[in-house]
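These notes concern the structure reproduced below.
Number of protein chains: 2
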Amino acid sequence: MTPLSLSYANVMAPALGSGGIDPERLDGELAERFQRARARVDRQRESGELGFLDLPGDRGAVKAIREVADSFGQWFENLVVVGIGGSSLGARALTEALLGVHWNLRSDEERDHFPRLHFLENADPDSFTELLGRIDPRRTLFNVVSKSGSTAETMAQFLAVEGILEAALGEEKVGGHLLFTTDPSAGPLRKLAEARGVPSMAIPANVGGRFSVLSPVGLLPGAIVGIDPDEVLAGAAEMARRCEADQLRENPAGLVAVLLHSLDRDGGRSVHVMMPYADRLRNLSLWFQQLWAESLGKGQDLDGRPVETGPTPLAALGAVDQHSLLQLLMEGPRDKVVLFLRRKEAEGRVEIPQRYPDEEALAYLGDSELGELLEVERRATAEALRRSGRPSLVVEVDRLDARAMGELFMLFQLATVYGGALYGVDPLDQPGVELGKRLTYGLMGRTGFDAAELAPEDAGGFRV
Amino acid sequence: MTPLSLSYANVMAPALGSGGIDPERLDGELAERFQRARARVDRQRESGELGFLDLPGDRGAVKAIREVADSFGQWFENLVVVGIGGSSLGARALTEALLGVHWNLRSDEERDHFPRLHFLENADPDSFTELLGRIDPRRTLFNVVSKSGSTAETMAQFLAVEGILEAALGEEKVGGHLLFTTDPSAGPLRKLAEARGVPSMAIPANVGGRFSVLSPVGLLPGAIVGIDPDEVLAGAAEMARRCEADQLRENPAGLVAVLLHSLDRDGGRSVHVMMPYADRLRNLSLWFQQLWAESLGKGQDLDGRPVETGPTPLAALGAVDQHSLLQLLMEGPRDKVVLFLRRKEAEGRVEIPQRYPDEEALAYLGDSELGELLEVERRATAEALRRSGRPSLVVEVDRLDARAMGELFMLFQLATVYGGALYGVDPLDQPGVELGKRLTYGLMGRTGFDAAELAPEDAGGFRV
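Protein chains in written order, with numbering that gives the first Met the number 0: chain A, 0 to 463; chain B, 0 to 463.
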């Protein structure tokens, strides 16, 4: 199997022209920037901050995942992951890429008797009632995922689910339909797991939500629907190994980070458009969006000085967004870079028959294949962008299998920590979300939080 | 029913502080800008360019839609819309908002025997084979939607679908499973409809793809799954009427356009984040993203001078993206405005039981309701943004019904044409997508298009 590749001629001056990066600069100043970033990332790694790097080697976690999946996880008709943000995006990205977008419409036989898979993310009563009105709680396993064990949306839905289970099954059977994934020692979910004997998985203390896809957060739901955790981790380990390269040009994550950062800082290209050409990767874009935005969008630098920095990730999908965003990408402000993702070989093949040889607007499509058209569209779009002086990168994998997903997850996680070093911010914290949480607690009447005075959104009559 | 409201105190200086808009400026310079924009939009309307404004009054179209939906559209088990971009986003937004996100998982009885609804958008062979392998073509209606009648992705899939229908049903029965929505007189689909007697709907010549949701492009799929076109159009007509107001402060679309444009042009806030708090509005964000990006992202102004302008629309979803984008919105560059969408009343109600009164991190959630938590999160987020000097607007509707969707569609379509006038660009064209199309045709061997020399994406060895 060919490993993942990154091609970046279309951000370089020879192909792109004046907005491109000079090769000498790549090997000079940018290589030096990379060395400084690498030194910082190495220190973080040595100090144990980058827990996601240890996950591919965590045999105990894989064993625990397999035990749960094989012993009872796969017995159920439905798996419902109750989680939001970093507690759902990775599992969504992984399972959508490997199961496709119609998994839940498949019959039991077509799913090889693996469970249907649902996500309760948002605190949206419509989604909750629609889903819970449709599934039989007696045949459903709820995997409640929260590192802190206190995420408001998740815990609210857990409480409602627990009530429904109790009503349907009786109190003593509730625990058999729950599975918690949370901190190894702290938080309400951990406490409940121990008090009530609910089976549980641990998210290592040094693995934050948005870096947790290779922990049980992503791999357990995956294993329950038949995705081999070892394959995912083997791909991730292989990518981590490649990203130990000390030469920038040999380091895929280093290149992604250095090129995107330089195009932003030195060229004002602050919008990073993630554009896979495969419906199955729509959720990977959303996973990347969280990773990139929450890690790099920071108000303070590493010395506590105000910076208000960070690129804006924009999740797109090719070829669909050629009919939506492309006009802006081609002709709008030169503040964007496109990161194409391509799988060389799809699962399906769709022959396009030659049905109207005399109709010029249809004849050229005849006797081709749908995946060929999709790749032609991608290449044409990359070339059109290049000719307009708009940079793009392309990441390619042979096909969307568990190994390739492991490579992709590790590539972008490592690019993100390199990005943190390059932007000069802490990629592991998220202090900006605290104020909203405190205001929420206050409004909901949580003990110890005051109900703050909120400015009305139509104060001063600014309303129509 | 309360009409849609727009509250905008949180973009104004009294509430927001130094980055906000001064009320005197709103009533002075910005009101004048609005008058100039309004004059231009009035001229466009009078010259017949803005066909979408005539759709609410087009009784003939509604009659044709009802006839098709009632006479045979609803007989099928499956409706598959074959279309991309403006040919699918509006129908997706409308039907998702009103049917919910689990429509296709419902039983026939739960769907009141209306068809299941699928979209074939992308030229992705995986999605195509998954869907076509699952549905029975004999019980499926394919609505092929393309204004030009020659969109590559759509026509390629149409050819493949037609072949499948012919193999399953025999040649003479194919036409009964097809329904075309296309230009009233031109293009290959129109020609085929006439030559083969395929039933068809017309998209008025002066209605472009991204402004077509209120035409049969959006309303026909809606009607086939039970959405009353008259209700949607009544809401749209009501909003169009409100947006005839000549005073800026009384004109909802004028306010959306003037405020977002001013925050961009005068304040550098070029990223416009559309953030509904309802899972059912995820596709409305994507519909808005196309409308805003493709209409306002332009390389030339109205006099043909180079400008390279246009805001970047970012589709988000609350409260989910509080766990993804909010950190960047709160602390990153001050280049963003958030447009909240809120429905005051959800379809469902989910009581959160008080199960752990002694566990402080859970007790505050007990005895509340999930929709209450969602709105508290939205209010808290808006307030947190305000305190950090980050502007936001909020659009509110009572509930997600057909009428409210009509209001929303018309509001943003009108805001877009006002936006075109304010940015000084033509909101109705999309010249930037032509080069990519020509390159695609050339690579696919279409007569009259040369296979251009493409620069390799790894030219110069820029590949790892």
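Ideal placement from N, C-alpha and C gives every residue a C-beta, glycine not left out.
Quick check on residue 127 (chain A) - is its C-beta less than 7 Å from some C-beta in chain B? Taking the first sequence and counting its residues from 1, the one referred to as residue 127 (chain A) is at position 128. So, interface residue.
Interface flag, residue 443 (chain B) vs chain A, CB-CB below 7 Å: As a working mapping, residue 443 (chain B) is identified with position 444 in the second sequence. Chain A, which has a Cβ nearer than 7 Å to the Cβ of residue 443 (chain B), makes this yes.
For the region 69-98 of chain A, enumerate the residues whose C-beta is nearer than 9 Å to any C-beta of chain B, in chain order. 83, 84, 85, 86, 87, 88
Taking only three categories from DSSP, how would you classify residue 409 (chain B)? Counted from its first residue, the second sequence places residue 409 (chain B) at position 410. Residue 409 (chain B): helix per DSSP, three-state reduction.
If you compare alpha carbons, which of A:3, A:220, A:382 is closest to residue 63 (chain A)? Within the first sequence, residue 63 (chain A) is the residue found at index 64, counting from 1. Of the listed residues, the one whose Cα sits closest to residue 63 (chain A) is A:220.
Option in B:24, B:136, B:442 with minimal Cα separation from residue 453 (chain B): By 1-based counting over the second sequence, the position of residue 453 (chain B) is 454. Out of B:24, B:136, B:442, B:442 has the C-alpha closest to the C-alpha of residue 453 (chain B).
DSSP three-state call for residue 343 (chain A): helix, strand or coil? Locating residue 343 (chain A) in the first sequence gives position 344, counting from the first residue. Here residue 343 (chain A) sits in coil by DSSP.
So for residue 172 (chain B), helix, strand or coil by DSSP? Indexing the second sequence from 1 puts residue 172 (chain B) at position 173. The answer is helix: DSSP assigns residue 172 (chain B) an H, G or I state.
When you compare the CB of residue 297 (chain A) with every CB in chain B, is at least one pair closer than 7 Å? Start at 1 with the first residue of the first sequence, and residue 297 (chain A) comes out as number 298. Closer than 7 Å to some Cβ of chain B, the Cβ of residue 297 (chain A) qualifies, so yes.
Coarse secondary structure for residue 262 (chain A), derived from DSSP in three states: On the first sequence, residue 262 (chain A) is found 263 positions in, with the first residue counted as 1. Residue state, collapsed to three classes: helix.
Start-to-end residues for the alpha helix (DSSP H) that takes in residue 329 (chain B): Your numbering for residue 329 (chain B) matches position 330 in the second sequence. First-last of the alpha helix (DSSP H) with residue 329 (chain B): 325-330.
Through-space distance from residue 272 (chain A) to residue 257 (chain A), alpha-carbon basis: Mapped onto the first sequence, residue 257 (chain A) falls at position 258. Mapped onto the first sequence, residue 272 (chain A) falls at position 273. C-alpha separation (whole angstroms): 16 Å.
Interfacial residues, the region 197-210 of chain B to chain A, with Cβ spacing under 9 Å: 208, 209
Just to confirm my understanding: we take residue 235 (chain B), look at its own chain, exclude 5 residues before and 5 after, and list those with CB closer than 8 Å. What are they? Residue mapping note: residue 235 (chain B) aligns to position 236 of the second sequence, counting from 1. These residues qualify, in order along the chain: 54, 55, 213, 405, 406, 408, 409.
Using a Cβ-Cβ distance under 7 Å, would residue 429 (chain B) count as near chain A? Within the second sequence, numbered from 1, the residue matching residue 429 (chain B) stands at position 430. By this cut-off, residue 429 (chain B) is an interface position.
Is the separation between the beta-carbon of residue 289 (chain B) and that of residue 323 (chain A) shorter than 7 Å? Looking up residue 289 (chain B) in the second sequence gives position 290. Looking up residue 323 (chain A) in the first sequence gives position 324. Contact flag set, yes.
In chain A, which residues lie less than 7 Å from residue 461 (chain B) when you measure between Cβ atoms? Position 462 of the second sequence holds residue 461 (chain B). Neighbours of residue 461 (chain B) on chain A, chain order: 6, 7, 8, 11.
By Cβ distance, which residues of its chain are closer than 7 Å to residue 188 (chain A), with the 5 residues on each side in sequence left out? The residue given as residue 188 (chain A) occupies position 189 in the first sequence. Taken in chain order, the residues that qualify are 143, 145, 148, 179, 181.
Cα-Cα separation between residue 445 (chain B) and residue 427 (chain B), rounded to whole angstroms: Position 446 of the second sequence, counted from the start, is the residue given in the question as residue 445 (chain B). Position 428 of the second sequence, counted from the start, is the residue given in the question as residue 427 (chain B). Cα to Cα, residue 445 (chain B) sits roughly 27 Å from residue 427 (chain B).
Do residue 1 (chain B) and residue 397 (chain B) have their C-beta atoms within less than 7 Å of each other? Here residue 1 (chain B) refers to the residue found at position 2 when the second sequence is read from its first residue. Here residue 397 (chain B) refers to the residue found at position 398 when the second sequence is read from its first residue. Yes.
Tell me, please, whether the CB atom of residue 274 (chain A) is closer than 7 Å to any CB atom in chain B? Sequence index remark: in the first sequence, residue 274 (chain A) carries index 275 (1-based). Not an interface residue.
Beta bridge counterpart(s) of residue 77 (chain A) as assigned by DSSP: For the purposes of this step, residue 77 (chain A) is taken as residue 78 along the first sequence, with counting starting at 1. Answer is A:115, A:139, bridged to residue 77 (chain A).
Note down, in chain order, every chain B residue with its Cβ under 7 Å from the Cβ of residue 149 (chain A). Taking the first residue of the first sequence as 1, we reach residue 149 (chain A) at position 150. What residue 149 (chain A) touches in chain B: 360.
Distance between residue 176 (chain B) and residue 224 (chain B) (C-alpha atoms, nearest Å): The residue labelled residue 224 (chain B) in the question sits at position 225 within the second sequence. The residue labelled residue 176 (chain B) in the question sits at position 177 within the second sequence. Cα to Cα, residue 224 (chain B) sits roughly 16 Å from residue 176 (chain B).
Verify whether the separation of the beta carbon atoms of residue 133 (chain B) and residue 104 (chain A) is less than 7 Å. As a position in the second sequence, residue 133 (chain B) is number 134, starting the count at 1. As a position in the first sequence, residue 104 (chain A) is number 105, starting the count at 1. In this structure, residue 104 (chain A) lies closer than 7 Å to residue 133 (chain B) by Cβ.
6 Å CB neighbourhood of residue 415 (chain B) in its chain, flanking five on each side removed: As a first step, residue 415 (chain B) is located in the second sequence; it is residue number 416 there, counting from the start. Taken in chain order, the residues that qualify are 290, 294, 426.
For the beta strand (DSSP E) holding residue 297 (chain A), just list the boundary residues, first then last. Your numbering for residue 297 (chain A) matches position 298 in the first sequence. Its beta strand (DSSP E) spans residues 297-299.
Under 8 Å, with one C-beta from each stretch per pair, do the region 336-354 of chain A and the region 362-378 of chain A reach the 3-pair mark? yes
If we cut at 7 Å on Cβ distances, does residue 121 (chain A) have a partner in chain B? For the purposes of this step, residue 121 (chain A) is taken as the residue at position 122 of the first sequence. At least one chain B Cβ lies under 7 Å of residue 121 (chain A).
Cutoff 7 Å: residue 325 (chain B) Cβ touching any chain A Cβ: The count along the second sequence starts at 1 and reaches residue 325 (chain B) at position 326. At least one chain A Cβ lies under 7 Å of residue 325 (chain B).
Could you compute how far the alpha carbon of residue 5 (chain A) sits from the alpha carbon of residue 86 (chain B)? Here residue 5 (chain A) refers to the residue found at position 6 of the first sequence. Here residue 86 (chain B) refers to the residue found at position 87 of the second sequence. Spanning the two alpha carbons is a distance of roughly 33 Å.
Chain-order list of residues whose beta-carbon lies under 6 Å from that of residue 277 (chain B) (same chain, five-residue window excluded): As a first step, residue 277 (chain B) must be located in the second sequence, where it is residue number 278. Cβ neighbours of residue 277 (chain B) beyond the five flanking positions: 342.
Using a C-beta to C-beta distance shorter than 7 Å, which residues of chain B count as neighbours of residue 101 (chain A)? Against the first sequence, residue 101 (chain A) aligns to sequence position 102. What residue 101 (chain A) touches in chain B: 129, 130, 133.
Nearest CA to the CA of residue 51 (chain A): which residue from A:239, A:79, A:254? Position 52 of the first sequence, counted from the start, is the residue given in the question as residue 51 (chain A). Closest by alpha carbon: A:239.
Under the three-state DSSP convention, the category residue 131 (chain B) falls into: Residue mapping note: residue 131 (chain B) aligns to position 132 of the second sequence, counting from 1. Helix.
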